[in-house]
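Each remark here refers to the structure printed beneath this line.
Numbering (our numbering), first residue to last: 425 to 606.
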């Protein structure tokens, strides 16, 4: 499984529940984040990881912090995932996404090098410049950073400025070089 499989799972859940998500954003004020975490884990489990385990709020080994979802495939490395969503207050999801990236980067290098570490944010209203600054500062040489937008028909990777108001998924995948494994 790779990060594209995870993005595909989030996209599928979002696409299949567009009307419901609009209601949840306004009614649950962030409570739908748990729903998206569970639905994404179920999507991955059903499509990609038969026989694998998925757990919510799982502690990172050797530290106090917890990840939103731990996926343990039958084969391969564990996948630790942080997932943030926009809420009705439209607080700064980009800051919360950046905090998840920082949280991942502060984990021990050995843990990061032996597992897959991913931070995802789902948003619809945001400042495109803020998101591009995350890409500029957080994705250079320390990981991969991708932005996917829904154009009304399908999801597309965007390399330019994303458009606020369009459903958007941002993904950061950590990369820990062997010389940083401490």
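For each residue, glycine too, the CB sits at the ideal point set by N, CA and C.
Only a predicted model underlies this, so the values are computations on that prediction, with no experimental measurement involved.
Item to complete: Determine the burial state of residue 557: buried for a count of at least 16 other Cβ atoms within 10 Å of its Cβ, exposed for fewer.
Response: exposed
Along the chain, which unbroken stretches of the alpha helix (DSSP H) at least 4 residues long are found entirely within the segment 516-553? 517-529, 533-538
| message | Classify residue 437: buried if its beta carbon has 16 or more other beta carbons within 10 angstroms, exposed otherwise. | response | buried
Item to complete: Run the CB neighbour count on residue 435, radius 10 Å, all protein chains shown included, and call it buried at 16 or more, exposed below.
Response: buried
Checklist line | Proximal residues to residue 466 (C-beta, below 6 Å), its chain only, five neighbours per side dropped | finding: none
Give the straight-line distance between the Cα atoms of residue 461 and residue 480, rounded to the nearest whole angstrom. 8 Å
For the alpha helix (DSSP H) that contains residue 452, what are its first and last residues? 442-452
Exercise. What span of residues does the beta strand (DSSP E) with residue 595 cover, start to end?
Worked result: 592-598
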